[in-house]
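Novice:
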Amino acid sequence: MRLLTRALQAIAVPAVLLAALEWVVRTVASGSDAIAPPSTAAMAWIRAMGQAPWWHATQFTLTSALTGLAFGAGAGLLLGALIGLHPRAGRLSALSIELLRPVPSVALIPLAILIFGFGLRMEASIVAFATFWPVLVLSQAAARGVEPRLLEVAQGLQMSWTARLVKIVVPAMLPRLFIALRLGLGIALVVSVTVEIAANPHGIGYAMVEAQQSLAPDELLAWLFWVGVLGAAINAGTLALQRAVERRMGICA
Amino acid sequence: MTSLRDGARALEPGALLAALLALWWVASHAGWANRAFLPTPEAVLQSLADGLNFAGPGRGELASFTGHTLRRMVTGWVLASMAGIALGSIIGLSKRARAWLQPMLEFMRPLPASAVLPLAIALFGLSDGAVLCVVVFGAIWPALLSTVQGVASVDPCLREVAAALQLRHRAFVLRIALPHALPDILAGMKLSLTASLILSVVGEMIASQPGLGQAILLAARAFRAGELFAGVVLLGALGLAGNALLALVQRRLLKWQSALLF
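Chains U and G, in that order, are what the protein sequence lines are.
According to the working numbering, the first sequence is numbered sequentially starting from 2.
According to the working numbering, the second sequence is numbered sequentially starting from 64.
#1: Return the residue from the list U/218, U/234, U/244, U/246 that minimises the CA-CA distance to residue 30 of chain U.
#2: Pull out every residue of the segment 5-31 of chain U whose Cβ sits closer than 7 Å to any Cβ of chain G, in chain order.
#3: Anything in chain G within Cβ reach of residue 209 of chain U, meaning under 7 Å, just list it in chain order.
#4: Specify, as a first and last residue, the run of the alpha helix (DSSP H) that residue 177 of chain G falls within.
#5: Which residue from G/176, G/162, G/98, G/96 puts its Cα closest to that of residue 14 of chain U?
#6: Which bits of chain U does residue 85 of chain G rub up against, with CB to CB less than 9 Å?
#7: Give a yes or no on whether 8 Å exceeds the smallest Cβ distance from residue 140 of chain G to chain U.
#8: Assign residue 297 of chain G to one of three DSSP states: helix, strand, or coil.
#9: If the cut is a Cβ gap below 7 Å, which residues of chain G does residue 94 of chain U touch?
#10: In chain order, what are the residue ranges of uninterrupted alpha helix (DSSP H) at least 4 long that sit wholly in the segment 248-279 of chain G?
#11: Between residue 147 of chain U and chain G, is any beta-carbon pair separated by less than 8 Å?
#12: Can you tell me which of U/202, U/247, U/47 puts its alpha carbon nearest to the alpha carbon of residue 180 of chain U?
#13: Alpha carbon to alpha carbon, what distance is there between residue 237 of chain U and residue 103 of chain U?
#14: Could you name the residues of chain G that residue 228 of chain U contacts, counting a contact when the two beta carbons are closer than 8 Å?
#15: Compute every distance between the C-beta of residue 14 of chain U and the non-hydrogen atoms of the ligand ATP, then say whether any falls below 7 Å.
#16: Using only CA atoms, which one of G/81, G/215, G/91, G/179 lies nearest to residue 94 of chain U?
#17: Should residue 54 of chain U go down as buried or exposed, given a rule of 16 or more other Cβ atoms within 10 Å for buried?
#18: Going along the chain, which residues of the segment 267-280 of chain G sit with their C-beta nearer than 7 Å to a C-beta in chain U?
#19: Between residue 234 of chain G and chain U, is there a C-beta pair that is closer than 8 Å?
#20: Going by CA-CA distance only, name the one from G/164, G/312, G/100, G/174 that's closest to residue 150 of chain G.
#21: Can you tell me where the alpha helix (DSSP H) holding residue 249 of chain U begins and where it ends?
#22: My understanding is that residue 140 of chain U touches residue 82 of chain U, with C-beta atoms under 8 Å, so please give their C-beta distance in whole angstroms.
#23: Leaving out five residues before and five after residue 172 of chain G in sequence, what residues of the same chain have Cβ atoms less than 7 Å from its Cβ?
#24: Give the DSSP-derived three-state secondary structure of residue 219 of chain G in the structure shown.
#25: Taking 8 Å as the CB-CB cut-off, is residue 254 of chain U touching chain G?
#26: Please report the distance separating the alpha-carbon of residue 74 of chain U from that of residue 156 of chain G.
#27: Looking at C-alpha atoms only, which residue of U/197, U/244, U/195 is the closest neighbour of residue 182 of chain U?
#28: Is there a Cβ of chain G sitting closer than 8 Å to that of residue 97 of chain U, yes or no?
#29: Nearest by alpha-carbon distance to residue 128 of chain U: which of U/62, U/150, U/115, U/41 is it?
#30: Count the other C-beta atoms from every protein chain shown that fall within 10 angstroms of the C-beta of residue 314 of chain G, then say buried if there are 16 or more, exposed otherwise.
#31: Tell me, please, whether the CB atom of residue 51 of chain U is closer than 8 Å to any CB atom in chain G?
#32: Using Cβ-Cβ distances below 7 Å, what residues of the segment 185-200 of chain U are close to chain G?
#33: For the segment 276-289 of chain G and the segment 110-122 of chain U, state whether three or more C-beta atom pairs, one from each stretch, are separated by less than 8 Å.
#34: Assuming residue 132 of chain G and residue 271 of chain G are in contact, meaning their beta carbons sit under 8 Å apart, how far apart are those beta carbons, in whole angstroms?
#35: Cβ atoms of residue 96 of chain U and residue 77 of chain G: under 8 Å apart, would you say?
#36: Between residue 169 of chain U and chain G, is the shortest Cβ-Cβ distance under 8 Å, so that the two count as touching?
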């Protein structure tokens with residue numbers, strides 16, 4: 002019963018806003034090429050979901066986001082752990098990281114177009130750059146946060162480098178790594194869609210630009226809603242995963 | 064002898080940077096990568112000098128483009144921060160408002176703000192207003208959500224203190240709730256600044272508005288890698304300056320917080 006009231010509360014305000022939008026578009030802005038009533042957009046969404054191009058575009062966006070995340074977060078994780086475990090390396094690289102980190106990833110879109118042309122590699126490279134820095138910083142913090150006594154135990158047991166890494170450092174870093182993963186996934190999706198809107202003629206972002214340019218506002222709104230759903234689903238999924246890992250490791254948040 | 068070691072230690076951070084710059088110089092001069100996308104450092108410096116009109120017969124274009132992007136970024140950020148903090152305080156202070164609105168706000172949080180750019184262009188055309196709209200829309204969420212978080216997490220004891228002192232609602236907000244939420248608000252404003260820079264650049268690229276975003280896109284199309292890198296350097300400088308200023312403000316305003324944690 003509680004759950005039902007909470008669910009109703011959650012959709013009440015959006016439902017009212019959508020109804021208001023519907024009324025405004027049908028009366029004041031009827032016949033507009035720029036905006037469509039939400040009901041028409043919903044029908045366009047249902048229609049399009051049954052067709053292949055919708056899923057091709059979604060698959061392209063998700064593939065490039067995950068590919069870029071794999072490279073960017075992977076490199077960020079390794080380097081971050083390295084820098085976090087060795088204070089000297091951290092001191093050496095601090096200035097370079099602070100100077101390179103504020104460059105907006107979208108500023109590299111033209112460079113990526115020059116190098117890779119259009120397509121998956123260009124988008125994945127921008128996503129990799131964008132996800133590298135936050136994961137680097139978070140991994141560094143996670144590695145620095147490893148309990149020093151655990152490292153002393155490793156030294157006392159004369160563990161090899163790989164054993165130390167696998168058995169002590171990575172498990173100690175795991176909760177923060179999942180937070181970094183959640184952040185990275187969110188950034189990856191946002192950057193993918195942004196690159197597609199700005200330049201890359203593939204994927205969800207480009208489908209939105211096409212819908213806008215071919216004066217199909219119902220499709221545009223359908224894509225916008227779909228992006229929101231994807232983002233929310235990915236966020237919820239990774240949050241659930243993070244909580245599950247934290248529970249397994251006995252951390253109460 | 065310790066002063067020598069301290070001196071060497073102080074130079075360490077610069078060492079890696081110098082090494083990276085040297086690597087760039089060697090890579091570009093030796094032609095390890097195509098000159099079309101890896102210009103020499105001197106070419107980039109030349110483009111920067113020309114563009115900022117320090118030397119040579121440049122037209123100072125980069126300076127004006129930087130000004131446009133900066134104006135867009137700051138205007139959007141200020142508007143978004145004000146709206147976000149105002150709305151966030153109202154929503155955060157009321158438990159009922161949070162119950163009704165929080166799920167919708169959480170749904171909007173992961174939405175890529177650039178996804179509304181085609182909609183804004185459809186509604187407002189290829190104009191400065193469309194870009195500014197998208198910048199404000201994108202930058203408002205971090206400020207709003209962090210204000211809601213900060214204000215909602217006011218300790219119930221503090222509320223009881225306010226009730227015991229018979230503080231009026233406005234006094235409670237200004238003297239207790241907002242200062243308590245200040246760390247969260249400032250963190251949210253930092254994220255808003257990053258978002259507003261990114262959205263300004265993307266908006267300029269798509270809506271063909273004068274600014275650094277359009278400048279680097281045109282430089283790429285004309286294969287002028289020096290100008291491209293110069294534009295990227297300037298954008299990085301904008302981001303760095305913004306972050307640094309905000310960090311300074313953060314340190315100043317939150318001095319009372321660290322003082323309490325003797």
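Every residue gets a Cβ at the ideal spot worked out from N, C-alpha and C, and that includes glycine.
Specialist: This is what the structure gives:
#1: Along the first sequence, one-based indexing puts residue 30 of chain U at 29. The residue with the shortest Cα to Cα distance from residue 30 of chain U is U/218.
#2: Of all residues in the segment 5-31 of chain U, 10, 11, 13, 14, 15 have a Cβ within less than 7 Å of some Cβ in chain G.
#3: Numbered from 1 along the first sequence, position 208 holds the residue referred to as residue 209 of chain U. Here the neighbours are 178, 181.
#4: For the purposes of this step, residue 177 of chain G is identified with residue 114 of the second sequence, where counting begins at 1. According to the DSSP assignment, residue 177 of chain G belongs to no alpha helix (DSSP H), since it is labelled neither H nor E.
#5: Taking the first residue of the first sequence as position 1, residue 14 of chain U is located at position 13. Comparing Cα-Cα distances from residue 14 of chain U to each of G/176, G/162, G/98, G/96, the minimum goes to G/162.
#6: Here residue 85 of chain G refers to the residue found at position 22 when the second sequence is read from its first residue. Per Cβ cutoff of 9 Å: no residues; residue 85 of chain G is ~13 Å from chain U at best.
#7: Walking along the second sequence from the start, residue 140 of chain G turns up at place 77. No - not a single Cβ of chain U is within 8 Å of the one on residue 140 of chain G.
#8: In the second sequence, the residue the question calls residue 297 of chain G occupies position 234. DSSP places residue 297 of chain G in helix when its eight states are reduced to three.
#9: The count along the first sequence starts at 1 and reaches residue 94 of chain U at position 93. Those within 7 Å of residue 94 of chain U in chain G are 79.
#10: Runs of the alpha helix (DSSP H) spanning 4 or more residues and lying entirely within the segment 248-279 of chain G do not occur at all.
#11: Counting from 1 along the first sequence, the entry for residue 147 of chain U is found at position 146. No, its Cβ sits nowhere closer than 8 Å to a Cβ of chain G.
#12: Stepping through the first sequence from its first residue, residue 180 of chain U is reached at position 179. When U/202, U/247, U/47 are compared, the shortest CA-CA separation from residue 180 of chain U is found for U/247.
#13: Residue 103 of chain U sits at position 102 when you count from the first residue of the first sequence. Residue 237 of chain U sits at position 236 when you count from the first residue of the first sequence. In a straight line, the C-alpha of residue 103 of chain U is about 28 Å away from that of residue 237 of chain U.
#14: Your numbering for residue 228 of chain U matches position 227 in the first sequence. Residues of chain G whose Cβ lies closer than 8 Å to the Cβ of residue 228 of chain U are, in chain order, 174, 175, 178.
#15: Among the components of this structure there are no ligands whatsoever, and the ligand ATP is therefore not found.
#16: As a first step, residue 94 of chain U is located in the first sequence; it is residue number 93 there, counting from the start. Residue 94 of chain U has its Cα closest to that of G/81, out of G/81, G/215, G/91, G/179.
#17: Mapped onto the first sequence, residue 54 of chain U falls at position 53. For residue 54 of chain U, the number of other beta carbons within 10 angstroms of its own is below 16, and it is reported as exposed.
#18: Taking 7 Å as the cut-off between beta carbons, the residues of the segment 267-280 of chain G near chain U are 268, 269, 279, 280, in sequence order.
#19: The residue given as residue 234 of chain G occupies position 171 in the second sequence. No, because no Cβ of chain U sits closer than 8 Å to the Cβ of residue 234 of chain G.
#20: Indexing the second sequence from 1 puts residue 150 of chain G at position 87. The candidate whose alpha carbon is nearest that of residue 150 of chain G is G/164.
#21: Counting from 1 along the first sequence, the entry for residue 249 of chain U is found at position 248. Residue range 218-249 is occupied by the alpha helix (DSSP H) that includes residue 249 of chain U.
#22: Within the first sequence, numbered from 1, the residue matching residue 140 of chain U stands at position 139. Within the first sequence, numbered from 1, the residue matching residue 82 of chain U stands at position 81. Indeed they touch by this definition, with Cβ atoms about 5 Å apart.
#23: Within the second sequence, the letter at position 109 stands for residue 172 of chain G. Around residue 172 of chain G: 204, 208.
#24: Counted from its first residue, the second sequence places residue 219 of chain G at position 156. DSSP places residue 219 of chain G within a helical segment (H, G or I) once states are collapsed to three.
#25: Against the first sequence, residue 254 of chain U aligns to sequence position 253. With a pLDDT of only 46 at residue 254 of chain U, under 50, the local geometry of the prediction cannot be trusted, and the value read off the model is given with reservation. Residue 254 of chain U has a beta carbon lying at 8 Å or more from every beta carbon in chain G.
#26: Against the first sequence, residue 74 of chain U aligns to sequence position 73. Against the second sequence, residue 156 of chain G aligns to sequence position 93. Roughly 37 Å separates the two Cα atoms.
#27: In the first sequence, counting from the first residue as 1, residue 182 of chain U sits at position 181. Residue U/244 is the option with its Cα nearest to residue 182 of chain U.
#28: Position 96 of the first sequence, counted from the first residue, corresponds to residue 97 of chain U. Yes, its Cβ sits closer than 8 Å to a Cβ of chain G.
#29: Position 127 of the first sequence, counted from the first residue, corresponds to residue 128 of chain U. For the residues U/62, U/150, U/115, U/41, the minimum Cα distance to residue 128 of chain U belongs to U/62.
#30: The residue given as residue 314 of chain G occupies position 251 in the second sequence. Per the 10 Å Cβ criterion, exposed.
#31: Start at 1 with the first residue of the first sequence, and residue 51 of chain U comes out as number 50. It does not; no Cβ of chain G falls within 8 Å.
#32: For the segment 185-200 of chain U, which is checked against every Cβ of chain G, the residues closer than 7 Å are 187, 190, 191, 194, 195, 198, 199.
#33: Touching, yes.
#34: Residue 132 of chain G sits at position 69 when you count from the first residue of the second sequence. Residue 271 of chain G sits at position 208 when you count from the first residue of the second sequence. The pair is not a contact, with the Cβ atoms about 14 Å apart (cut-off 8 Å).
#35: Numbered from its first residue, the second sequence carries residue 77 of chain G at position 14. Numbered from its first residue, the first sequence carries residue 96 of chain U at position 95. Yes, the pair counts as a contact, with Cβ atoms nearer than the cut-off.
#36: Position 168 of the first sequence holds residue 169 of chain U. Not an interface residue.
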